[in-house]
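Asks: Before I ask anything, here is the structure I am working with.
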Amino acid sequence: MTAHLKQDEPDTENFLDTMKQGVLGKPVSRVEGLAKVTGTAPYAAEYPIENAADGVIVTSTIVRGEVVSIDKASALAMPGVLAIIDDERLTTRAAQGTAGEAPQQGPTQVFFWGQPIAVVVAETFEQARDAAKHLKVEYRAEEGAPLDPSDAEPEEQEDETVDQGDLAQAMSRADHAVDLAITTEGHASAAMEPHAAIAQWEGDKLTVHASLQMLNYNIAELADTLGIAEDRVRLVSRYVGGGFGSKLGVSEEVVAAAIAAEQVGRPVRVVMSRQQVFQCVMRRSETTQRLRLAGDGEGKLYGFGHEALVSNLPGEEFAEPVLQSSHFLYGGANRALKLEVARIHRMTAGSVRAPGEAVGMPALEIAMDVLAEKSGIDPVELRLRNIPDRDPEEDLPFSSHKLAECLKQGAERFGWDSGARSPRHTLDGEWWTGTGMASAARVHNVGEARARVTLKPDGTAEIRSDMTDIGTGTYTILAQLVAEMLGIAVDDVLVQLGDTDFPRGPGSGGSWGAASIGSAAYLACRALRRMLAEKAGTDESELVLRDGAVDGGRSLVELLDGEELSEEGHYEPGDIADSHTASGFGAFFAEVRVNRFTGETRVDRMLGAFGFGRVLNEKTARSQCLGGITWSIGAALTEALHFDPNDGHLVNCDLAEYHVPVNRDVGEVEVLMVEERDPVASPIQAKGIGELGMCGGAGAIANAIYNACGARVLSFPMTPDRVLEVMPE
Amino acid sequence: MRPFDLQRPDSLDHAHSLSDGETATLIAGGTNLLDLMKLQVETPERLVAIDRLGMNAIEDTEDGGLRIGALVTNTATANHDRIRADYPVLARAILAGATQQLRNRATTGGNLCQRTRCYYFTNIDQPCNKREPGSGCGAIDGIARLHGVLGTSPQCIATYPGDMAVAMSALDAVVEIEGAADTRRQVPVRDFHCLPGDTPWRDNVLEPGEIITAVILPAPVEGKQIYRKVRERSSYAFALVSVAAVIAMEGDTIARADLAFGGLAHKPWHDPRLAELLVGKVPDAALFDRAADLLLEDAQGYGENDFKIPLARRTLAAVLAEATETTI
Ligand SMILES: Cc1cc2nc3c(=O)[nH]c(=O)nc-3n(C[C@H](O)[C@H](O)[C@H](O)COP(=O)(O)OP(=O)(O)OC[C@H]3O[C@@H](n4cnc5c(N)ncnc54)[C@H](O)[C@@H]3O)c2cc1C
Ligand code: SF4
């Protein structure tokens with residue numbers, strides 16, 4: 003039996019609010035926290051699998067061309083080396099998120115410097131690495147591959163194009179017009195756990211312990227890659243040390259381990275080096291954006307333009323969706339939006355931490371700041387005036403919309419001064435200080451999800467799904483949700499995730515996990531409640547469960563009387579997604595210091611106010627926001643991939659030279675959660691959380707830099723050199 | 003990583019007999035060497051671990067200075083009472099570097115000898131004259147953000163990345179070196195690191211088989227000590243530009259101006275002309291400008307690092323203004 007729901011209608015019942023256990027939403031600490039901090043939660047490479055050999059991936063040293071030959075004999079003669087594998091099924095890129103089919107295969111064709119071309123297997127990791135470094139490869143290089151977006155003729159992504167009214171004309175008759183070019187550099191996901199897999203065959207059945215975000219899709223990708231049926235593959239990812247998009251699709255080490263294990267006839271572990279994770283998994287594309295805003299005397303937009311140029315390898319469908327929230331965030335009848343992709347030979351571009359909004363929103367929010375200044379309107383007020391009633395392009399209603407509340411409550415809490423603003427108002431020693439703000443928006447997604455909930459005769463419960471917890475808190479919120487609905491303690495719920503032998507969840511990505519898998523759990527629990535209600539001789543809507551008993555009646559153990567109840571919940575997004583625009587909204591406020599001599603910027607204080615539906619766990623939700631805001635600081639000030647102009651290789655490919663923020667870069671951060679029940683978002687009224695914290699925050703910091711020192715920097719990240727370049731003396 | 007033999011001598015003599023400088027490499031804290039071995043930038047056949055050789059004390063010298071053993075950790079140096087009181091520029095420089103965990107392992111000798119962070123040097127599939135003489139310099143037409151603007155050569159434009167030695171250069175400390183057969187020599191920190199010239203593979207003046215035994219700080223001097231490190235993030239990043247300064251005033255004029263710079267060259271940069279210019283003058287913005295002109299007279303950028311020239315100018319001005327309490 004399955005409890006199925008395809009959501010075609012809004013759910014305004016808010017059924018969860020009638021539950022009485024009182025644990026949902028509470029700041030419960032991570033249920034797997036102790037295992038993680040004591041090192042007993044095994045990550046992919048750590049599974050104690052006997053007799054595993056080690057594989058090391060070999061990468062190309064040309065940009066484009068062909069592998070002509072590999073001198074396997076000399077490498078095989080090295081100590082401990084078991085095999086040199088260049089099987090044509092090896093993948094040379096990771097799959098894009100939710101692809102569900104094999105990514106680019108065939109290691110003899112080279113498309114970028116650093117692309118995987120083979121895997122060396124040896125008795126020990128060091129032996130494999132040494133042999134990999136020594137492997138002699140002969141190439142036929144094809145010169146002239148475009149390496150920089152400006153070298154290639156861009157392709158328009160037509161489904162992103164909007165041409166509504168006449169923007170050029172609106173710009174020419176605007177009271178205040180803004181026309182800016184803003185650039186952002188590439189980003190890496192930079193998850194802590196490197197990509198890793200151990201593959202083992204038993205007969206014709208393959209099991210891979212891997213570090214992946216979306217097993218439901220990954221199993222299909224891996225099976226397709228290997229040319230075998232899905233039911234011969236099992237993937238296990240119980241714990242994932244961060245993914246941030248880089249583990250959405252099946253990546254090269256998983257396939258390499260599977261093929262290698264088959265060929266050497268024993269388990270094989272393949273762990274990417276930090277440099278390989280940076281060089282051959284996924285990058286966020288750099289962007290060149292043009293923002294055009296036409297405002298009237300009251301600051302109301304009647305023209306809105308956002309164009310972006312991004313890049314990717316030939317043949318990759320993914321294009322950084324820079325305009326994603328620009329389509330609906332602000333009004334303006336005359337609209338021109340366009341997204342173009344340049345085909346270049348750098349590593350694959352794909353999903354990295356809030357693809358799209360993470361770089362599109364900060365640029366837009368700089369343009370809004372410029373418009374506010376030009377029109378003499380407070381930046382918060384300007385945004386309030388431009389919140390549309392309906393989606394300005396699709397003419398659809400919003401599912402729910404908390405931007406105004408976030409702006410107002412955030413401004414108040416932060417102590418935003420809505421008086422006249424002019425830059426360079428406060429010099430504190432060597433430091434100019436100032437404030438800035440920005441809106442936040444991130445489209446809401448949900449995915450099909452299944453989970454099985456079982457209520458045991460002893461009154462404890464178990465929930466199973468192949469859903470992953472990539473560090474976000476999924477284990478914990480599922481325990482809370484089941485506990486809340488069945489009226490039991492959180493500790494009495496066992497959450498089993500990350501195994502494709504369990505019902506298929508949506509995976510973690512695009513911040514859709516909690517709402518999707520939570521809905522499947524919800525449906526399963528409702529079915530169990532109906533069974534219990536029947537046993538208790540009442541109606542489910544009347545059934546109050548608390549502390550392991552029917553309120554004022556029999557205990558669950560008595561009610562079950564030795565029986566086990568089990569149900570699978572199956573949630574599918576329905577037509578409702580097409581009849582509404584659903585998004586998380588929020589507002590960022592930042593206070594920064596800029597050194598008048600060195601141009602160094604430090605973020606002293608940041609506040610994010612977010613409306614993202616029902617909060618399932620106050621603590622993990624807040625942690626997600628803190629992480630997002632930290633990413634905002636990185637995007638604003640430090641994070642940039644640098645590519646060599648001669649061969650397109652990524653030069654800063656480790657955590658010493660790719661600068662994510664460190665503790666000291668993150669000043670005081672406050673998170674304000676504006677509770678919301680979104681009836682369209684999901685049957686549990688929850689939306690995505692994690693990425694929203696990065697969707698605009700860098701813009702608030704950029705605007706604060708301007709307010710502090712008068713430097714209107716138009717390129718991210720705003721490193722000291724870039725600030726100094728435009729800082730007035 | 004290549005297989006290697008590990009040897010652990012328990013006396014300096016024994017160490018000398020093992021370390022011929024050709025097939026053997028010394029290892030102290032290992033925080034730099036092991037990273038490079040994993041990348042196969044360094045592929046020693048033998049490692050000679052010097053952790054049993056003592057050399058881990060900080061002692062007073064007869065003339066009132068300090069002798070810091072080669073194996074004293076960076077943490078111990080930075081926390082030492084006399085260093086904090088008399089040589090604060092050194093304590094601050096060390097604390098501005100790396101992370102607490104790294105500083106707990108990193109040693110005086112290892113820190114002096116740490117290798118460049120040039121991206122092409124650490125990637126064995128790229129050309130690099132320092133790593134593989136004659137293969138070319140990947141950085142010069144590539145991404146040279148970290149690279150030098152002073153004393154570069156067409157062969158190599160790398161920087162010495164460290165902080166500690168920059169402070170030691172301003173303090174005019176001396177490196178104590180022991181070669182085989184009991185030959186001891188002392189080399190000022192200012193002369194310890196080399197410029198790349200035609201021998202970019204050479205980081206410093208150590209000869210094969212030589213071991214750093216200590217760094218000697220001269221007796222403390224009067225004056226304000228400042229270490230200013232400019233970087234993109236506020237910790238755990240190498241300097242874009244750094245300035246170490248020991249500056250004293252006598253009445254209205256500058257009486258001492260010992261300056262050294264990091265992030266600009268293949269060595270901590272010390273230009274004796276700066277002290278000559280500054281000493282005896284009344285500090286003001288124009289003077290600081292002239293000092294910067296002199297410092298950067300021959301500076302040459304390589305595109306990505308052009309910004310270091312104005313940044314060095316501004317940072318120098320900030321440091322001089324702070325040290326002399328001048329408003330600019
Ligand atoms: C991520 C990261 C960030 C860092 N950030 C900074 C920073 O911001 N600022 C900074 O200054 N440093 C920084 N460091 C570098 C750090 O300071 C050095 O790695 C450390 O000082 C090296 O000391 P060690 O004892 O570990 O040397 P080892 O790694 O043991 O040795 C380094 C070299 O010195 C040689 N050597 C060691 N001892 C002697 C001796 N007694 N005589 C002769 N030769 C010797 C070795 O043969 C080797 O070639 C950073 C390092 C890392 C990994
Ligand atoms: S700058 Fe020096 S270290 Fe860097 S690639 Fe060139 S030669 Fe090598």
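So the protein sequences, as listed, match chains A and B.
Counting in this note's numbering, the first sequence runs from 3 upward without gaps.
Counting in this note's numbering, the second sequence runs from 3 upward without gaps.
Every residue, glycine too, gets a C-beta built ideally from N, C-alpha and C.
Taking the C-alpha atoms as reference points, what is the distance between residue 74 (chain A) and residue 39 (chain B)?
Replies: 24 Å
Asks: Run through chain B and tell me which residues come within less than 8 Å of residue 135 (chain A), C-beta to C-beta.
Replies: 42 and 126
Asks: Going by DSSP, name the residue or residues bridged to residue 283 (chain B).
Replies: The partner list for residue 283 (chain B) (beta bridge, DSSP) is empty, contrary to what the question assumes.
Asks: Could you say which of A:236, A:445 and A:204 lies nearest to residue 214 (chain A) if we only look at CA atoms?
Replies: A:236
Asks: Roughly how far, in whole angstroms, is the beta-carbon of residue 223 (chain A) from the beta-carbon of residue 101 (chain A), given that I think they are within contact range, below 8 Å?
Replies: 6 Å
Asks: Between residue 219 (chain B) and residue 248 (chain B), what straight-line distance do the alpha-carbon atoms span, to the nearest angstrom?
Replies: 13 Å
Asks: Hey, quick one: how far does the beta strand (DSSP E) through residue 176 (chain B) stretch, first residue to last?
Replies: Here the beta strand (DSSP E) through residue 176 (chain B) covers 176-181.
Asks: Does the Cβ of residue 284 (chain B) have 16 or more other Cβ atoms within 10 Å, making it buried, or fewer, making it exposed?
Replies: exposed
Asks: Taking only the alpha-carbon atoms, compute the straight-line gap between residue 399 (chain A) and residue 244 (chain A) and give it to the nearest angstrom.
Replies: Going from the Cα of residue 399 (chain A) to the Cα of residue 244 (chain A) covers about 35 Å.
Asks: In its own chain, which residues sit with a C-beta less than 6 Å from the C-beta of residue 152 (chain B), not counting the 5 before and 5 after it?
Replies: 266, 267, 271 and 301
Asks: Kindly indicate which three-state DSSP category residue 239 (chain A) falls into: helix, strand or coil?
Replies: Three-state result, residue 239 (chain A): coil.
Asks: Would you list, in sequence order, the uninterrupted beta strand (DSSP E) runs of no fewer than 3 residues that lie entirely inside the region 129-203 of chain B?
Replies: Those beta strand (DSSP E) runs which fall completely within the region 129-203 of chain B and span 3+ residues are 176-181 and 185-190.
Asks: To the nearest angstrom, report how far apart residue 268 (chain A) and residue 59 (chain A) are at their CA atoms.
Replies: 18 Å
Asks: Taking 7 Å as the cut-off, is the CB of residue 27 (chain B) close to at least one heavy atom of ligand 1?
Replies: Checking every heavy atom of ligand 1 against the Cβ of residue 27 (chain B), one is found closer than 7 Å.
Asks: Closer than 7 Å, Cβ to Cβ, to anything on chain A: give me those residues from the region 132-152 of chain B, in chain order.
Replies: Residues are counted here when their Cβ sits less than 7 Å from a Cβ of chain A; for the region 132-152 of chain B these are 143, 144, 145 and 147, given in chain order.
Asks: Any idea what DSSP makes of residue 575 (chain A), helix, strand or coil?
Replies: The three-state reading of DSSP puts residue 575 (chain A) in strand, counting E and B together.
Asks: If I'm right that residue 703 (chain A) touches residue 592 (chain A) with Cβ under 8 Å, what's the distance once you round it to whole angstroms?
Replies: 5 Å
Asks: If residue 674 (chain A) sits next to residue 417 (chain A), beta carbons under 8 Å apart, how far is it from one beta carbon to the other, in whole angstroms?
Replies: The pair is not a contact, with the Cβ atoms about 13 Å apart (cut-off 8 Å).
Asks: By the three-class DSSP mapping on this structure, what secondary structure does residue 725 (chain A) have?
Replies: helix
Asks: Excluding sequence positions up to five away, which residues of its chain have a Cβ less than 6 Å from the Cβ of residue 552 (chain A)?
Replies: 538
Asks: Just checking my contact of residue 693 (chain A) with residue 355 (chain A) at CB under 8 Å: how many whole Å lie between their CB atoms?
Replies: 7 Å
Asks: Can you find the residues in the same chain that come closer than 6 Å, C-beta to C-beta, to residue 46 (chain B), ignoring five residues on each side of it along the sequence?
Replies: 6 and 27
Asks: Is there at least one non-hydrogen atom of ligand 1 closer than 7 Å to the beta-carbon of residue 37 (chain B)?
Replies: Under cutoff, so the answer is yes.
Asks: Would you say residue 156 (chain A) faces chain B, with C-beta separation under 8 Å as the test?
Replies: no
Asks: In three-state terms, what does DSSP make of residue 606 (chain A)?
Replies: Under the three-state reduction of DSSP output, residue 606 (chain A) falls in the strand class.
Asks: Mind checking who residue 429 (chain A) pairs with in its DSSP beta bridge?
Replies: A:434
Asks: Examine the Cβ distances between the region 621-638 of chain A and the region 657-674 of chain A and report whether three or more of them are shorter than 8 Å.
Replies: yes
Asks: Using only alpha-carbon positions, find the residue among B:130, B:185, B:154 and B:258 that is nearest to residue 222 (chain B).
Replies: B:258
Asks: Within this structure, are the beta carbons of residue 91 (chain A) and residue 228 (chain A) separated by less than 8 Å?
Replies: yes
Asks: Going by DSSP in three states, residue 731 (chain A) sits in which element: helix, strand or coil?
Replies: For residue 731 (chain A), the three-state secondary structure derived from DSSP is coil.
Asks: Since residue 92 (chain B) and residue 170 (chain B) should fall inside the 8 Å C-beta cutoff, what is the C-beta to C-beta distance between them, to a whole number of angstroms?
Replies: 7 Å
Asks: According to the neighbour-count rule (16 or more other Cβ atoms, all chains shown, within 10 Å of its Cβ), is residue 257 (chain A) buried or exposed?
Replies: Buried is the call here.
Asks: Of all Cβ atoms in chain A, is any one closer than 8 Å to the Cβ of residue 178 (chain B)?
Replies: no
Asks: Buried or exposed: residue 117 (chain B), going by 16 or more other Cβ atoms within 10 Å of its Cβ?
Replies: That one is buried.
Asks: Looking only at its own chain, which residues have a Cβ that is under 6 Å from the Cβ of residue 195 (chain B), when we skip the five neighbours before and after it?
Replies: 162, 206 and 269
Asks: Which residues, in order along the region 664-676 of chain A, keep a beta-carbon less than 7 Å from a beta-carbon of chain B?
Replies: 664, 666 and 667
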